[in-house]
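Below: one structure, written as structure tokens.
Structure (structure tokens):
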């Protein structure tokens, strides 16, 4: 049995420094847990000058990734360098060299996760990625270990801190979108270019990773219905409040005999659902499992130490496997060939906000369009608007996304659709 | 290295059957995860006739616990028999025989946990107890592994499903306490004798276990301030709602340089706190850690399969340790000798509900009592009551429990105290 485990750390940014700190501070703990010494042997840095201020031994530093990948004494590679192309290559080379790999890279895992996990299998290596989704929340481990014995039927997640922060400020402090985004940027929650966050791409990548794991199948980015924050109109948050909902950017993932549906979009979430109370930059994932019922994990979705904590728990798992010589022996519960559902099979309740001419018979004209598509309504409310117009809010019973889209299309000419939302959280899935 | 691990199961009740089911269904999974065969070898039953309907092989059954404890081929003992005396003896004997022990027994762990964990250390054996607190929620593992690298400053938990169910029904459906308790009993959430639940003892035991672990110290049942549901008066829930709070039975545990305070009592929890939205029979534990910040775990606190899932994750951990030959090697982070704080050092905001004679000068008389004890008030509200009486609601700023109790005592003669509550969740700890 090995009596020493060496780590090669690729990247010394926010997360990398956190990892180095935790491993150093928890030397004794790691030794007691595993019975062997675990330490960082080499660190890939971008700039020898800039990074020499770190408290790490300078002799460990290299600017050449091959220095680390080709070192036969290094057992585990921790990829926290970010980016896609280089990071993917480094992970591949590490696996091909028989090393265990830990990554915090959501972009790589969403885009190339299936390919890389197959490579890891073929090479009998571990490829762990806890920190890639929801930073400090052990969601991957929960889906893999804790709920492994359970059939998961659906998940809902607030997995993007930036948009959750913005929506919280807009609701609680009546801030404008622009003002809230500016504050998010100032606090470091939003990137200089926030489009991946506000357009839903970041959350979609995370839902690809979570859905693939939860349903033991290959979900791809193309499979996700994505609607960003630009769909939200002035007054929509107030309408949500009026009807007992909270607007949230929700990643949802559901499976039944018809297949899988994955979506990221602003939804009207029932105030009675626990997820509606998850505020500010915090993340949460709500899981419905057949055996365990409802569970939720809540916590920080980003940050140096929270994310590094997740990386270190992956390192401990890889060390255990190394010592047991069982690396790469994942159970695939026979990767399912699940179909992505068509719009015909995706059912939900919807809210439509329309603007119509305020004239006799308009409501009857409207509702006949819904009847025509068998879209049954549970509530209709008319608000006066300016200039001889009226605003109509319609809430449907459960209808298919196809019915919903057909109605929206047919409304043209009779009403203009200001906005429309899926309604979630009114009953357990 | 071992190539087979055998389990002795003590008890075949709700949880025991769940454990047997999961181990049977996940044979292949366990083999892949660990590289060895894991199976149940013997089962302690109470009544050979009654239990023979189980799907397990009858040859495994015994009614003599020694049959199992003295079997040298059994590596792991799973104690799910319940009760205190017999269960404690069985755990002790198992540890003394060098076996790894998993227990779901909250009563034993709250009362004898420190003693048994010391014995396990001395015998170099594992003693795991994930299922003893909050059934399906991996809270012990999170405190031990996930947050091991973090200093935990406080925790708040809804750890008793029965009282949470009752309070939810009282709030949402305006049910009486008696009606809600009857419904909890009917649904199987409450025991025939619900006193351990409604008096707070069950929750106090769980908080003893969690606090000892989170603060690496020995907290005992005597250290916990316990106030049960009988402290709640008619109208208290409405007052909570009026001021933006929800009444919850909360187990709280806080640590600072002055020491530790642990309490279980009905509190006024700010509606803006996530824990206020945890409803029905569900449990949740909210943790504040220095590095990770706020995290919460939410899920079922009881039930056969959820609880069994926790037991099986403990079994997997013990198997890993067996294979690595590191059983019993826990790190104690130097068990701290933390003092339990006196009432002088426990600070909180309070709400006092008083009944006074509706006469000139009474408010000034009242408030002078608060001033006398330096208890500063942030809100006073007077409601008319019948028979020349007035109801006064006073909310304090942060004061010590000593100030709070001194005020309550000095109010005698001037006002009768209908009820009083700690206020929680208004800011992060």
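Chains as they are written, first to last, in our numbering: chain A, 37 to 465; chain Z, 37 to 465. Backbone N, C-alpha and C fix where the C-beta goes; we use that ideal spot for every residue, glycine too.
{"Item": "C-beta neighbour in chain Z for residue 163 of chain A, strict 7 Å", "Value": "no"}
{"Item": "The alpha helix (DSSP H) enclosing residue 408 of chain A, as first and last residue numbers", "Value": "398 to 408"}
{"Item": "Partners in chain A for residue 328 of chain Z, counting only beta-carbon separations shorter than 8 Å", "Value": "172, 335, 336, 341, 342, 345"}
{"Item": "Per DSSP, cross-strand counterpart(s) of residue 178 of chain A", "Value": "BP columns for residue 178 of chain A are empty, so no partner."}
{"Item": "CB-CB length for residue 358 of chain Z against residue 41 of chain Z, believed under 8 Å", "Value": "6 Å"}
{"Item": "Residue-chain proximity (residue 331 of chain Z, chain A), Cβ-Cβ < 7 Å", "Value": "yes"}
{"Item": "Where the beta strand (DSSP E) through residue 302 of chain A begins and ends", "Value": "295 to 306"}
{"Item": "Whole-angstrom C-beta distance between residue 134 of chain Z and residue 309 of chain Z, which should lie under 8 Å", "Value": "With 8 Å as the limit, residue 309 of chain Z and residue 134 of chain Z do not qualify as a contact, their Cβ atoms being about 46 Å apart."}
{"Item": "Complete alpha helix (DSSP H) runs within the stretch 56 to 108 of chain Z (minimum length 4 residues, chain order)", "Value": "63 to 70, 101 to 105"}
{"Item": "Straight-line gap, residue 207 of chain Z to residue 280 of chain Z (C-alpha atoms, nearest Å)", "Value": "13 Å"}
{"Item": "Neighbourhood of residue 112 of chain Z by C-beta, 6 Å cutoff - its chain only, sequence neighbours within 5 removed", "Value": "43, 136, 354"}
{"Item": "Chain A contact for residue 356 of chain Z (CB, 7 Å cutoff)", "Value": "yes"}
{"Item": "Unbroken beta strand (DSSP E) run spanning residue 42 of chain Z, endpoints", "Value": "40 to 46"}
{"Item": "Residue 251 of chain A and residue 387 of chain A closer than 7 Å at C-beta", "Value": "no"}
{"Item": "Segment contact flag, the stretch 199 to 219 of chain A with the stretch 233 to 252 of chain A, C-beta cutoff 8 Å, min 3 pairs", "Value": "yes"}
{"Item": "Contiguous alpha helix (DSSP H) assignments of at least 4 residues, all confined to the stretch 228 to 264 of chain A", "Value": "231 to 234, 237 to 250"}
{"Item": "Under the three-state DSSP convention, the category residue 275 of chain A falls into", "Value": "helix"}
{"Item": "Contacting positions in the stretch 247 to 272 of chain Z - beta carbon closer than 8 Å to chain A", "Value": "none"}
{"Item": "Under 9 Å from the C-beta of residue 236 of chain Z: neighbouring residues of chain A", "Value": "By Cβ distance, chain A contributes nothing, its closest Cβ being about 24 Å from residue 236 of chain Z, past 9 Å."}
{"Item": "Distance CB(residue 78 of chain A)-CB(residue 59 of chain A) smaller than 7 Å", "Value": "no"}
{"Item": "Where the alpha helix (DSSP H) through residue 166 of chain A begins and ends", "Value": "Neither: residue 166 of chain A is in no alpha helix (DSSP H) and is coded neither H nor E."}
{"Item": "Euclidean distance between Cα positions of residue 246 of chain Z and residue 420 of chain A", "Value": "56 Å"}
{"Item": "Proximity winner among Z:330, Z:74, Z:411, Z:352, relative to residue 163 of chain Z (alpha-carbon distances)", "Value": "Z:352"}
{"Item": "Within chain A, partners of residue 71 of chain Z - CB distance below 9 Å", "Value": "360, 361, 362, 365"}
{"Item": "The beta strand (DSSP E) enclosing residue 389 of chain A, as first and last residue numbers", "Value": "383 to 393"}
{"Item": "7 Å Cβ cutoff met for residue 339 of chain A and residue 119 of chain A", "Value": "no"}
{"Item": "Test item: CB-CB of residue 115 of chain A and residue 139 of chain A under 7 Å", "Value": "yes"}
{"Item": "Contact set between residue 6 of chain Z and chain A, taken where Cβ atoms lie within less than 9 Å", "Value": "The question about residue 6 of chain Z has no answer, for chain Z in this structure spans 37 to 465."}
{"Item": "Closest residue to residue 336 of chain A among Z:324, Z:169, Z:414 (Cα-Cα distance)", "Value": "Z:324"}
{"Item": "Pairwise C-alpha distance: residue 397 of chain A and residue 328 of chain A", "Value": "51 Å"}
{"Item": "Reduced DSSP secondary structure (H/G/I, E/B, other) of residue 457 of chain A", "Value": "strand"}
{"Item": "Test: residue 75 of chain Z CB closer than 7 Å to a CB of chain A", "Value": "no"}
{"Item": "Contact the stretch 286 to 303 of chain Z vs the stretch 191 to 199 of chain Z: 3+ CB pairs below 8 Å", "Value": "yes"}
{"Item": "Sufficient close CB pairs (3 or more, under 8 Å) joining the stretch 405 to 417 of chain A to the stretch 435 to 443 of chain A", "Value": "yes"}
{"Item": "Top-ranked residue by Cα proximity to residue 177 of chain Z, from Z:286, Z:394, Z:347", "Value": "Z:347"}
{"Item": "Beta-carbon proximity check, residue 446 of chain A vs residue 425 of chain A, cutoff 7 Å", "Value": "no"}
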